[in-house]
Amino acid sequence: MRSGLRAGRDFAGFNAIYEKFVEIPYPARTTVGSFLGDFLVEIDVVAVVP
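Quick note: the sequence shown uses the working numbering, first residue 1, plus one each step.
Dropping the structure here:
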């Protein structure tokens, strides 16, 4: 999972929401600050459905 946040100060809130929707064991993840224009969050995910 790769995610980008427009503001680094949003990481704690993003992390709290992430933990509510993603189950343990958590997938590998990278979160970076980036310029997203009008968007606050960008998320790329590759998933496999068994």
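Cβ coordinates follow ideal geometry from the N, Cα and C atoms, glycine included.
Because the structure is a prediction, the values reported are computed rather than measured.
- Message: Run through the DSSP bridge pairs and tell me what R2 is partnered with.
- Response: Paired residues: T30 and D44.
- Message: Which same chain residues end up closer than 7 Å to R2 when comparing Cβ atoms and leaving out the 5 residues on each side of it in sequence?
- Response: Closer than 7 Å at the Cβ level, and outside the excluded window around R2, lie T30 and D44.
- Leaving out five residues on either side along the sequence, give the residues of the same chain with a beta carbon under 6 Å from the beta carbon of V32. Contacts found: G4.
- Between which two residues does the alpha helix (DSSP H) harbouring G13 extend? Start and end: F11 to F21.
- Rounded to a whole number of angstroms, what is the C-alpha to C-alpha distance between G37 and V46? Roughly 24 Å between the two C-alpha positions.
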